[in-house]
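Here the sequence shown is numbered in my numbering, starting from 0 and rising by one per residue. Using N, Cα and C, we set each Cβ at its ideal position, and we do this for glycine too. Report on the structure given below.
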Amino acid sequence: NGWIDDKEDVNYLLYTYEPEEGSKLGTAYTDNFLCKFAPINEVFYALKFLGKDKGHKFDVFGCIETLKRYEKEGKPVRIFGFPAFLYFTINQMKELGLDPIKLNPESFVFLGGGWKGNQDKAIDKIEFYKQVEEMLGIPDQRLRDGFGSVEHCIPYIEGKKHEFRIPTWSRVVIRDVKTLEPLGDGEVGYLNFISPYITSVPANSVLMGDLAIRHAGGNSIFDGPWFEIVGRAGIKKNKSCAVAASELLKEFDGGAK
0 NGWIDDKEDV NYLLYTYEPE EGSKLGTAYT DNFLCKFAPI NEVFYALKFL GKDKGHKFDV
60 FGCIETLKRY EKEGKPVRIF GFPAFLYFTI NQMKELGLDP IKLNPESFVF LGGGWKGNQD
120 KAIDKIEFYK QVEEMLGIPD QRLRDGFGSV EHCIPYIEGK KHEFRIPTWS RVVIRDVKTL
180 EPLGDGEVGY LNFISPYITS VPANSVLMGD LAIRHAGGNS IFDGPWFEIV GRAGIKKNKS
240 CAVAASELLK EFDGGAK
């Protein structure tokens with residue numbers, strides 16, 4: 000699947016926070032961890048750390064210049080992080096009238112964290128992938144999304160048809176939003192993850208605020224059950240790293256106007 004490559008150096012563009020001493024942001028840890036699957040030639044962080052007083056700032060023009068440089072170098076590029084920031088980068092390229100970039104075809108994109116506070120800017124996932132392929136030259140089958148949460152440490156990764164696959168060590172139950180009774184496949188309700196995988200805390204069953212639909216899949220071991228997210232819910236208290244990042248995007252968007 001191209002994830003593990005111990006021979007060729009790759010360039011990374013991380014739509015996450017540039018590391019700072021004492022940081023506890025989960026997305027920053029995850030995206031840096033994903034850099035271990037292939038040797039690093041260069042890493043560029045989209046959310047630049049400007050010091051403890053100023054915090055992080057989204058460097059969209061730095062992202063564009065980095066992508067141009069990566070195109071010239073010709074090495075495979077791996078893009079990880081928040082989808083909203085990648086979308087804003089592509090949108091900025093279009094507004095500036097820049098020509099599409101053709102990255103190495105072995106490049107790939109793996110996103111996560113959702114749009115959170117930027118749902119008003121969110122576009123259909125398939126349309127988003129089309130724009131990424133058009134502007135960066137990365138094939139559709141190498142564009143993937145991931146779903147997870149701090150409370151439930153199992154990642155759910157998109158398959159080749161962009162569906163969130165349910166691994167054998169997890170179960171997904173969709174529950175009625177009023178009664179919390181289990182619903183059948185194809186019905187919309189709260190997403191409930193159940194797994195014995197988590198042993199550090201009593202969180203074997205986690206009811207998410209997200210609305211989802213479960214699908215049974217086929218009979219093949221490679222075509223098992225999967226789910227799709229149809230709506231994301233959030234809370235104002237205990238702001239997540241993704242919500243904090245969305246505020247940086249709003250700040251940049253407002254400044255651009």
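With contacts defined as CB atoms closer than 8 Å, Pro99 and Glu133 qualify as a contacting pair.
For the set Asp184, Val42, Cys152, Lys101, the Cα lying nearest the Cα of Asp175 is the one of Asp184. DSSP places Tyr196 outside both helix and strand once states are collapsed to three, so it counts as coil. Collapsing the DSSP output to three states places Thr178 in coil. Where Glu126 is concerned, there is no enclosing beta strand (DSSP E), although the alpha helix (DSSP H) around it starts and stops at 124-135. Here the stretch 203-219 lies against the stretch 188-195, with 3 or more beta-carbon pairs under 8 Å apart. With distances taken between CA atoms, Lys71 lies nearest to Leu102 out of Leu102, Ile173, Asp5, Pro138.
Scanning the stretch 22-94 from its first residue to its last, the whole beta strand (DSSP E) runs of 3-plus residues come out as 39-48, 55-57, 76-80. The beta-bridge partner set that DSSP reports for His151 is empty. Lys47 and Gly54 have their alpha carbons spaced roughly 8 Å apart. The bridge partners DSSP lists for His214 are Trp225. Partner residues in the beta bridge of Asn191, as assigned by DSSP, are Val172, Leu206.
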